[in-house]
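Input: a single structure, listed below in structure tokens.
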Amino acid sequence: SLQEKEELIEEWQPEPLVPPVSKDHPSLNYNIVSGPPAHKIIVNGKECINFASFNFLGLLDNEKVKNAAQASLKKYGVGTCGPRGFYGTFDVHLELEERLAKFMRTEEAIIYSYGFATIASAIPAYSKRGDIMFVDEAACFAIQKGLQASRSNIKLFKHNDMAYLERLLKEQETEDQKNPRKARVTRRFIVVEGLYMNTGDICPLPELIKLKYKYKVRIFLEESLSFGVLGEHGRGITEHFGVNIDDIDLISANMENSLASIGGFCCGRSFVIDHQ
Numbered sequence: 001s002l003q004e005k006e007e008l009i010e011e012w013q014p015e016p017l018v019p020p021v022s023k024d025h026p027s028l029n030y031n032i033v034s035g036p037p038a039h040k041i042i043v044n045g046k047e048c049i050n051f052a053s054f055n056f057l058g059l060l061d062n063e064k065v066k067n068a069a070q071a072s073l074k075k076y077g078v079g080t081c082g083p084r085g086f087y088g089t090f091d092v093h094l095e096l097e098e099r100l101a102k103f104m105r106t107e108e109a110i111i112y113s114y115g116f117a118t119i120a121s122a123i124p125a126y127s128k129r130g131d132i133m134f135v136d137e138a139a140c141f142a143i144q145k146g147l148q149a150s151r152s153n154i155k156l157f158k159h160n161d162m163a164y165l166e167r168l169l170k171e172q173e174t175e176d177q178k179n180p181r182k183a184r185v186t187r188r189f190i191v192v193e194g195l196y197m198n199t200g201d202i203c204p205l206p207e208l209i210k211l212k213y214k215y216k217v218r219i220f221l222e223e224s225l226s227f228g229v230l231g232e233h234g235r236g237i238t239e240h241f242g243v244n245i246d247d248i249d250l251i252s253a254n255m256e257n258s259l260a261s262i263g264g265f266c267c268g269r270s271f272v273i274d275h276q
């Protein structure tokens, strides 16, 4: 009856939106970090080793780097960040590109304002709808966004499983033989990371290069974590394995990790970099 409904409504008590929390709950005991995120940090007054930082080389609190940054601010000023198409190209941009290309032993390099956007922008610059991307299933989020923007045909292979990748390449080779006209206009890429963000291991680059030449595909190598870390001089996984860097069609890296800076860069042959 209507009266019973009214009584039920009157008696109803809603559950609290936030359950009661005791004062000694672990979430209420904050860990306070004092000072910059260096290799060693002070947490609640106690010195600890910092395992939660991308500042691998300790450049963030390096005095030489700080002095160079201050001198740059005094000369060029500071403002909102944006692409060079909006804010212009400065002499230091060109100098940095030249020095990066020289360090990486490639023909040219190009820098980006935002590290995450580097590989996410580079992928759709080359791969379009109808092209085929063979991608390691452990690829980082930046690569995933680049793949999404490219609208290419994505074929995932099991993490670092070269036999699985070769099977996919063979299947594609068979498909190409059925339709040679389409195959001639379809570009094929392998996209991998030098040091995987999601797993912490490195890619088998020498095996990938063999597959590249065997099946006539291009390699995009994302080195945001391996640049500055792997190799005798920090040139990344190509130096680590001692392979010819010209065997890689495009190398991309985030300068916000080992270099403790901002932005990112791509490097490779001149005709590849000019396209960007």
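With UniProt numbering, the residue at position 185 of the sequence shown is 185, and numbering never jumps.
Backbone N, C-alpha and C fix where the C-beta goes; we use that ideal spot for every residue, glycine too.
Since Val112 is in the beta strand (DSSP E), which residue starts that stretch and which ends it?
On the sequence shown, residue 112 is found 112 positions in, with the first residue counted as 1. The question names Val, but residue 112 is Tyr in the sequence shown. Glu108 to Tyr112 is the extent of the beta strand (DSSP E) around Tyr112.
Can you tell me the Cα-Cα spacing of Glu232 and Met104, whole angstroms?
Within the sequence shown, numbered from 1, the residue matching residue 232 stands at position 232. Within the sequence shown, numbered from 1, the residue matching residue 104 stands at position 104. Note on geometry: alpha-carbon atoms of Glu232 and Met104 lie some 12 Å from one another.
Using 8 Å for Cβ pairs, my map puts Val191 next to Phe227. What's the rounded Cβ distance?
Walking along the sequence shown from the start, residue 191 turns up at place 191. Walking along the sequence shown from the start, residue 227 turns up at place 227. So it is not a contact: roughly 16 Å between Cβ atoms.
Among Leu195, Ala122, Cys140 and Asn55, which residue has its Cα nearest to the Cα of Phe265?
Against the sequence shown, residue 265 aligns to sequence position 265. When the alpha-carbon of Phe265 is set against those of Leu195, Ala122, Cys140 and Asn55, the nearest one is in Ala122.
Would Asn153 and Met133 qualify as a contact pair, given that the criterion is a beta-carbon distance under 9 Å?
Locating residue 153 in the sequence shown gives position 153, counting from the first residue. Locating residue 133 in the sequence shown gives position 133, counting from the first residue. Note that the C-beta distance between Asn153 and Met133 is below 9 Å.
Using CA atoms only, rank isn't needed, just tell me which of Ala149, Gln148, Leu168 and Gly242 is closest to Phe157.
As a first step, residue 157 is located in the sequence shown; it is residue number 157 there, counting from the start. Closest by alpha carbon: Leu168.
In its own chain, which residues sit with a C-beta less than 7 Å from the C-beta of Ser127, not counting the 5 before and 5 after it?
Mapped onto the sequence shown, residue 127 falls at position 127. Once the five neighbours on either side are set aside, the close Cβ partners of Ser127 are Met133, Ser150, Ser152, Arg187 and Phe189.
I'd like to check one pair, Leu195 with Leu165: are the Cβ atoms closer than 9 Å?
Residue 165 sits at position 165 when you count from the first residue of the sequence shown. Residue 195 sits at position 195 when you count from the first residue of the sequence shown. Their beta carbons are not under 9 Å apart, which means Leu165 does not touch Leu195 by this criterion.
Flag this pair as yes or no: are the beta carbons of Ile143 and Glu223 separated by less than 9 Å?
Against the sequence shown, residue 143 aligns to sequence position 143. Against the sequence shown, residue 223 aligns to sequence position 223. No, Cβ-Cβ distance for Ile143 and Glu223 is not below 9 Å.
Among Tyr213, Val272, Phe241 and His240, nearest to Ser252 - alpha-carbon criterion
The count along the sequence shown starts at 1 and reaches residue 252 at position 252. Distance check between Ser252 and each of Tyr213, Val272, Phe241 and His240 places Val272 closest, using alpha-carbon atoms only.
Which residue or residues does DSSP assign as beta-bridge partners of Glu222?
Residue mapping note: residue 222 aligns to position 222 of the sequence shown, counting from 1. Residue pairing of Glu222 in beta bridges, as defined by DSSP: Glu193 and Ser252.
Express the C-alpha separation of Arg269 and Ala101 in angstroms, rounding to a whole number.
As a working mapping, residue 101 is identified with position 101 in the sequence shown. As a working mapping, residue 269 is identified with position 269 in the sequence shown. Using only the alpha carbons, I get a separation of about 10 Å.
Selected residue, minimal CA-CA separation from Tyr114, among His275, Gly45, Tyr215 and Ser261
For the purposes of this step, residue 114 is taken as residue 114 along the sequence shown, with counting starting at 1. For Tyr114, the nearest C-alpha among the options comes from Ser261.
Beta carbon of Val43, beta carbon of Val33: below 9 Å?
Translated into positions along the sequence shown, residue 43 becomes position 43. Translated into positions along the sequence shown, residue 33 becomes position 33. Yes. Within cutoff.
State the DSSP-derived secondary structure class of Gly85, mapped to helix, strand or coil.
Within the sequence shown, residue 85 is the residue found at index 85, counting from 1. The answer is helix: DSSP assigns Gly85 an H, G or I state.
Under the three-state reduction of DSSP, which class applies to Ser121: helix, strand or coil?
The count along the sequence shown starts at 1 and reaches residue 121 at position 121. Judged by DSSP in its simplified three-state form, Ser121 adopts helix.
Status (buried if at least 16 other CB within 10 Å, exposed otherwise) for Cys48
For the purposes of this step, residue 48 is identified with residue 48 of the sequence shown, where counting begins at 1. Exposed: under 16 other Cβ atoms inside 10 Å.
As assigned by DSSP and simplified to three states, the class of Arg269
As a first step, residue 269 is located in the sequence shown; it is residue number 269 there, counting from the start. For Arg269, the secondary structure class from DSSP, reduced to helix, strand or coil, is coil.
May I have the straight-line CA-CA distance separating Gln172 from Gly146, to the nearest angstrom?
Position 172 of the sequence shown, counting from 1, holds the residue named residue 172. Position 146 of the sequence shown, counting from 1, holds the residue named residue 146. The alpha-carbon atoms of Gln172 and Gly146 are separated by roughly 22 Å.
Within a Cβ cutoff of 6 Å, which residues of the same chain sit near Val65, ignoring the five residues on either side of it in sequence?
Here residue 65 corresponds to residue number 65 of the sequence shown, with the count starting at 1. Excluding sequence neighbours, Val65 sits near Leu59.
Would you decide whether Tyr112 is buried or exposed? Buried here means 16 or more other CB atoms lie within 10 Å of its CB.
Stepping through the sequence shown from its first residue, residue 112 is reached at position 112. Classification of Tyr112: buried, given that the 10 Å Cβ count is 16 or more.
What whole-angstrom Cβ distance do Tyr258 and Phe116 have, given they're in contact under 8 Å?
Sequence index remark: in the sequence shown, residue 258 carries index 258 (1-based). Sequence index remark: in the sequence shown, residue 116 carries index 116 (1-based). For clarity, residue 258 is Ser in the given sequence; the question names Tyr instead. 15 Å between Cβ atoms; not a contact.
Buried or exposed: which applies to Gly45, given that a residue is buried once 16 or more other Cβ atoms fall within 10 Å of its Cβ?
Stepping through the sequence shown from its first residue, residue 45 is reached at position 45. Here Gly45 is exposed, its C-beta having fewer than 16 other C-beta atoms within 10 Å.
Locate the alpha helix (DSSP H) running through Leu156, then write down its first and last residues.
Your numbering for residue 156 matches position 156 in the sequence shown. No alpha helix (DSSP H) holds Leu156; the beta strand (DSSP E) holding it covers Asn153 to Phe157.
I want to see whether chain C comes within less than 9 Å of Pro83, judged by CB atoms only; does it?
Given the protein chain composition of this structure (a single chain), no chain C is represented.
How about Lys212 and Asp176: do their beta carbons lie closer than 9 Å?
The residue labelled residue 212 in the question sits at position 212 within the sequence shown. The residue labelled residue 176 in the question sits at position 176 within the sequence shown. Taking the C-beta atoms as reference points, Asp176 is found no nearer than 9 Å to Lys212.
Whose CA, out of Tyr87, Arg84, Asp91 and Phe54, lies closest to the CA of Ser72?
Walking along the sequence shown from the start, residue 72 turns up at place 72. Considering only Tyr87, Arg84, Asp91 and Phe54, the residue with the shortest C-alpha distance to Ser72 is Asp91.
So which of Glu239, Ala125, Cys203 and Phe51 has the shortest CA-CA distance to Val135?
As a first step, residue 135 must be located in the sequence shown, where it is residue number 135. The candidate whose alpha carbon is nearest that of Val135 is Cys203.
State the DSSP-derived secondary structure class of Ser27, mapped to helix, strand or coil.
In the sequence shown, residue 27 corresponds to position 27, counting from 1. If DSSP states are grouped into helix, strand and coil, Ser27 belongs with the helices.
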